[in-house]
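Remarks on the structure that follows.
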Amino acid sequence: MTTPASTDVLVVGAGPVGLVAACELARRGVSVRVIDKLAQPTDQSRAIAIHARSLDMFERMGIIDELVSTSIKATAMQLYAGHRKLFRVPLGGVEAVFPFTLTTAQTETERVLDEHLRSLGATVERGVELVALTQAGHTTHVRLRHPDGSNEQVRADWVIGADGGHSAVRRLVGTKLEGCFEGERFLLGDVDARHHLDLDSMHTFFSPDGPVVVLPMRDGRMRFLAQVRDAAGTPIDETMEALQAILDRRIGGMQLTRSHWLTTFEVRHARVPAYRWGRVFLAGDAAHIHSPAGGQGMNTGMQDAYNLAWKLAAVIQGEAGDSLLDSYEAERLPVADGVIAFTNRLTRAGTLSGLPSRVRNTVVRVVSHLPAARRAMANTAEETNLVYPKSPLAVGRRPRRAKVAAGDHLPPVPDAAVQKQLSAARHTGHVVLTVAASGEPPAPAGLDQRQVLVTDGDASVGGYDTVIADPDGVIARRFGLRNGGRVVIRPDGYLGAVASLDDTTTITHYFATLRS
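Counting in UniProt numbering, the sequence shown runs from 1 upward without gaps.
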């Protein structure tokens with residue numbers, strides 16, 4: 001009998017979600033196989049918006065420059081009721097190193113990730129389909145069907161299902177999506193157009209007939225996404241003329257001149273009841289589906305994968321206990337619920353008519369002039385408001401006067417030179433960041449972790465892996481640690497613990513939690 005092939009992790013699905021998971025596992029030395037039943041990568045632009053939180057992720061992965069080179073930047077978002085503009089909100093104030101959205105075809109996102117995966121020594125096996133999956137003890141047994149029709153038995157310690165809305169992994173573990181199954185239907189077009197829109201912005205148009213989202217693309221193209229409110233089951237006219245008629249009715253002032261891609265699709269709002277099924281995990285559309293109106297589907301899925309990969313690598317390499325993996329669902333499932341709720345609200349608000357729509361427009365115009373509301377809207381759109389304060393990994397209380405807490409994301413600092421040093425100090429593992437108060441810098445925390453010192457004084461202090469020179473105290477002020485403190489930065493950029501310098505237990509408690 002032939003001995004089955006084995007791997008630490010089998011990733012099913014080689015879209016952006018599966019590729020992020022595979023890259024992060026391979027980067028940490030985990031053996032990973034990636035399969036996709038499609039013989040070739042997609043040639044369709046599909047999801048094109050990459051928001052600020054995902055850009056932070058790509059910087060940590062080391063591929064941000066490649067993505068920027070394929071994209072254009074949207075630095076503001078604009079909202080309209082019909083052709084009347086309600087507000088314009090710049091994105092420059094969001095809590096991110098890259099305060100903007102990139103628009104690029106999903107083909108380019110996948111190409112950059114695929115090339116990165118190859119550079120890490122792994123490749124995608126295309127035309128390979130998962131047909132069976134069973135779990136036994138500490139192993140998952142799977143059967144794969146290859147393009148020539150042959151079957152292969154594989155033993156995988158862990159499986160990640162990143163195989164989309166019709167997930168085979170989800171079906172084989174015996175779970176289903178739960179939620180609202182009254183689907184929303186959309187007509188999507190990537191077209192050339194004569195228009196009056198600012199090319200530095202994302203545009204959303206409210207209409208009683210359904211919202212329309214417009215995004216600028218490279219080469220002068222525009223992405224139009226229009227909800228179609230025809231009776232369910234009625235075929236949608238998938239033509240440029242049909243899209244033109246929708247735009248004439250809802251927006252006006254647009255003249256479509258050439259179509260590059262037109263498609264229709266239907267989406268529902270639902271998620272699985274659990275993200276972990278023994279030694280199998282679900283991520284992205286395999287775990288949750290929702291309206292594309294907010295442009296957050298691919299972003300949420302990639303961040304699922306990014307959250308899971310470092311934890312799975314830590315468990316495989318004996319650096320953490322199995323219970324760490326339960327924090328994946330604890331942190332990411334509420335995010336999916338939030339995205340589903342947000343897109344539901346956006347659709348409901350966008351389709352009001354009569355007096356309710358006039359009230360909505362007045363409220364939106366008034367609220368959009370409030371700085372706090374503008375920041376909140378921008379941070380919601382860019383997903384930079386996502387924090388994990390209730391995570392089992394958020395250890396300890398916020399120190400007095402601190403502006404950061406366990407569960408927050410590492411904030412950017414308003415000094416380019418200091419931010420560059422802070423970014424360079426990142427690591428595939430944890431970082432313990434010690435912010436020195438005035439006077440003699442403290443000794444490193446007594447932990448087997450990467451140690452980074454931030455000091456406004458002598459930058460030649462010994463005992464640390466890296467010393468960040470911050471003569472103006474930018475980091476101390478931004479973090480609210482003017483009397484000094486220590487911060488544990490997780491591999492995904494979130495904070496595991498924040499403690500004062502005289503607190504000797506919170507940091508060690510965090511790492512003990514990982515190992516439990």
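Where is the CB? At the ideal position from N, CA and C, for every residue including glycine.
Exposure label - residue i; buried when at least 16 CB within 10 Å
i	result
residue 23	buried
residue 114	buried
residue 199	exposed
residue 397	exposed
residue 11	buried
residue 341	exposed
residue 438	exposed
residue 146	exposed
residue 220	exposed
residue 201	buried
residue 382	buried
residue 552	Because the chain spans 1 through 516 in this model, residue 552 falls outside it and cannot be assessed.
residue 311	buried
residue 370	exposed
residue 40	exposed
residue 297	buried
residue 355	exposed
residue 265	exposed
Integer Cβ distance of residue i from residue j, believed to fall under 8 Å
i	j	result
residue 302	residue 17	6 Å
residue 286	residue 167	4 Å
residue 243	residue 226	7 Å
residue 270	residue 179	3 Å
residue 152	residue 5	7 Å
residue 83	residue 253	6 Å
residue 380	residue 293	Going by Cβ atoms, the distance from residue 380 to residue 293 rounds to 13 Å, so no, they are not a contact pair.
residue 86	residue 364	5 Å
residue 395	residue 504	Residue 395 to residue 504, Cβ: 14 Å. No contact.
residue 507	residue 435	With 8 Å as the limit, residue 507 and residue 435 do not qualify as a contact, their Cβ atoms being about 13 Å apart.
Collapsed DSSP secondary structure at residue i in the structure displayed
i	result
residue 374	helix
residue 90	strand
residue 516	coil
residue 200	coil
residue 483	coil
residue 58	helix
residue 385	coil
residue 19	helix
residue 354	helix
residue 216	strand
residue 453	strand
residue 31	coil
residue 461	coil
residue 6	strand
residue 509	helix
residue 227	strand
residue 65	helix
residue 36	strand
residue 1	For residue 1, the pLDDT reaches just 48, beneath the cut-off of 50, and the residue's location in the model is therefore unreliable, although a value from the coordinates is still provided. DSSP places residue 1 in coil when its eight states are reduced to three.
residue 338	helix
residue 417	helix
Contacting residues, own chain, Cβ-Cβ under 8 Å from residue i (five flanking each side not counted)
i	result
residue 59	97, 98 and 423
residue 222	190, 191, 192, 193, 195, 197, 214, 215 and 216
residue 402	479, 480, 481, 485 and 498
residue 117	19, 22, 23, 26, 34, 123 and 124
residue 248	254
residue 385	95, 376 and 379
7 Å Cβ shell around residue i - same chain, five flanking residues per side excluded
i	result
residue 49	101, 103, 215 and 295
residue 163	12, 13, 169 and 286
residue 1	Residue placement at residue 1 is poorly supported in this model, since its pLDDT is 48, which falls under 50; the coordinates are not used for a value here.
residue 120	23, 26 and 27
residue 229	209 and 210
residue 387	407, 408 and 409
residue 427	450
Distance cut-off 7 Å: residue i Cβ against heavy atoms of the ligand SAH
i	result
residue 279	With respect to small molecules bound, the structure shown includes none, and the ligand SAH cannot be examined in it.
Residues of its chain near residue i, where Cβ-Cβ distance is below 6 Å and the 5 sequence neighbours each way are ignored
i	result
residue 500	399 and 485
residue 55	98
residue 389	407
residue 474	413, 415 and 418
residue 465	450 and 451
residue 37	129
residue 343	290, 291, 293 and 294
Task: Ranges of the alpha helix (DSSP H) found wholly within the stretch 242 to 292, counting only runs of at least 4 - done: Runs of the alpha helix (DSSP H) inside the stretch 242 to 292: none found.
Task: Secondary structure, beta strand (DSSP E): runs of 3+ residues fully inside the stretch 420 to 446 - done: For the stretch 420 to 446, the full-length beta strand (DSSP E) segments reaching 3 residues or more read 431 to 435 along the chain.
- [ ] Let me know the beta strand (DSSP E) ranges lying completely inside the stretch 129 to 191, each 3 residues or longer, listed in chain order.
- [x] The stretch 129 to 191 contains these whole beta strand (DSSP E) runs: 129 to 136, 139 to 145 and 151 to 161.
Open item on the list: For a minimum of 4 consecutive residues, which ranges assigned as the alpha helix (DSSP H) are wholly contained in the stretch 76 to 128?
Closed with: You should have 106 to 119.
Task: Every unbroken alpha helix (DSSP H) within the stretch 298 to 325, with a cutoff of 4 residues, ordered by chain - done: Within the stretch 298 to 325, no complete alpha helix (DSSP H) run reaches 4 residues.
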